[in-house]
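Enquirer: Attaching a single structure in structure tokens format; questions to follow.
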Amino acid sequence: METMLKTTNLTKQYSKNRGLNGLNMEIKTGRIVGLLGPNGSGKTTLLKIAAGILRKESGEIEIDGKEPGMYTKSIVSYLPDTNYLYKWMKIKDAVKFYSDMFKDFDRQKCEELLKFMNLNEEDKVTSLSKGMLEKLNLSLTISRKAKLYILDEPLGGVDPTAREKIIDAILNNYREDSSMIVTTHLVNDIERLFDDVFFISEGKIVLEGNAEELRISKGKSIDELYREVFQ
């Protein structure tokens, strides 16, 4: 299996206990990975470095064999944990924005996802609930034909009935020649997605492995393991 993302002693410090402190991890192609940890553990810092938004301080990070730069930005589709669409936009404007911005954007796929999510292209972004906005942002993100998808808290503001719909959308639109990193605090709701999991604390990986093998060897669900590690 090829390596999609690899970090070696990756460091980015904000303070003694915040940021990344010599983080080592390796994500293979074709895997959906859960990056799990409490607030301030370094998850979003890692994702922003991988997305090319933040610069590392030291250590190494490679995506598809390359350091973050123009090439990696072209193959990484990043869903941040905050809304980034302009207030003047309607949903159809957001779709056009993505279509103009990214060569790998599949407009037809996006329109199918919007229907699946019950979103109307004529609705204004400012009229959407938090959950609807997350559905829109996710639809845009996974409509790219990227090599690495990065989803930072994709279920944060979504009600329980919509969570299953979003998880189904991720599974149904995931390609085996790509990889995906998902962060979430709703581990119980989403753990069935994960092929592998990495538990992160104070900028370091404290537990990692194949999700199913961990369940069997520890005799616990990933959610139960999460509560045990971070109690």
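Counting along the sequence shown from 1, when you hit position 45 you're at 566 in the working numbering, and nothing is skipped either side.
Every residue, glycine too, gets a C-beta built ideally from N, C-alpha and C.
Since we're looking at a predicted model, the values are computed, not measured.
On a CA-only basis, which of GLY561, LEU568, ARG539, GLU712 is nearest MET546? Give me that one, please.
Expert: Taking only the C-alpha atoms, the option nearest MET546 is LEU568.
Enquirer: May I ask which residues mark the beginning and end of the beta strand (DSSP E) holding THR647?
Expert: First-last for THR647: undefined, no H or E at that position.
Enquirer: If you follow the beta strand (DSSP E) that SER562 is part of, which residue opens it and which one closes it?
Expert: Where SER562 is concerned, there is no enclosing beta strand (DSSP E), given that its DSSP letter is neither H nor E.
Enquirer: What does the alpha-carbon distance come out to for the pair MET591 and LYS666?
Expert: Distance between the alpha carbons of MET591 and LYS666: 16 Å.
Enquirer: Near ASP673, what residues of its chain come up, given a Cβ to Cβ distance below 7 Å and the 5 sequence neighbours on each side ignored?
Expert: So the list reads THR565, LEU568, LEU600, PRO601, ASP602, THR704, once near-sequence residues are dropped.
Enquirer: Please report the straight-line C-alpha distance between ASP710 and GLU655, rounded to a whole angstrom.
Expert: When rounded, the distance between both Cα atoms is 16 Å.
Enquirer: Evaluate GLY740 with the Cβ neighbour count: other Cβ atoms within 10 Å of its Cβ, from every protein chain shown; 16 or more gives buried, anything less gives exposed.
Expert: When all chains shown are included, GLY740 counts as exposed.
Enquirer: Could you give the DSSP three-state label for ARG552: helix, strand or coil?
Expert: Looking at ARG552 - three-state DSSP - the assignment turns out to be coil, as it is neither helix nor strand.
Enquirer: Which partner residues does TYR535 have in the DSSP bridge list?
Expert: Answer is none; TYR535 lacks a bridge partner.
Enquirer: For the alpha helix (DSSP H) containing GLU733, list its first residue and its last residue.
Expert: Taken as a continuous stretch (DSSP letters only), the alpha helix (DSSP H) holding GLU733 covers 732–739.
Enquirer: Are there 16 or more other CB atoms within 10 angstroms of the CB of MET653, so buried, or fewer, so exposed?
Expert: It counts as buried.
Enquirer: Given this structure, state the Cα-to-Cα distance separating LYS608 from ARG736, to the nearest angstrom.
Expert: LYS608 and ARG736: Cα-Cα distance of roughly 44 Å.
Enquirer: If you follow the alpha helix (DSSP H) that SER595 is in, where does it begin and where does it stop?
Expert: 591–596 is the span of the alpha helix (DSSP H), which, as asked, contains SER595.
Enquirer: Counting along the chain, where does the beta strand (DSSP E) carrying SER722 start and finish?
Expert: Run containing SER722: 717–722, per the beta strand (DSSP E) assignment.
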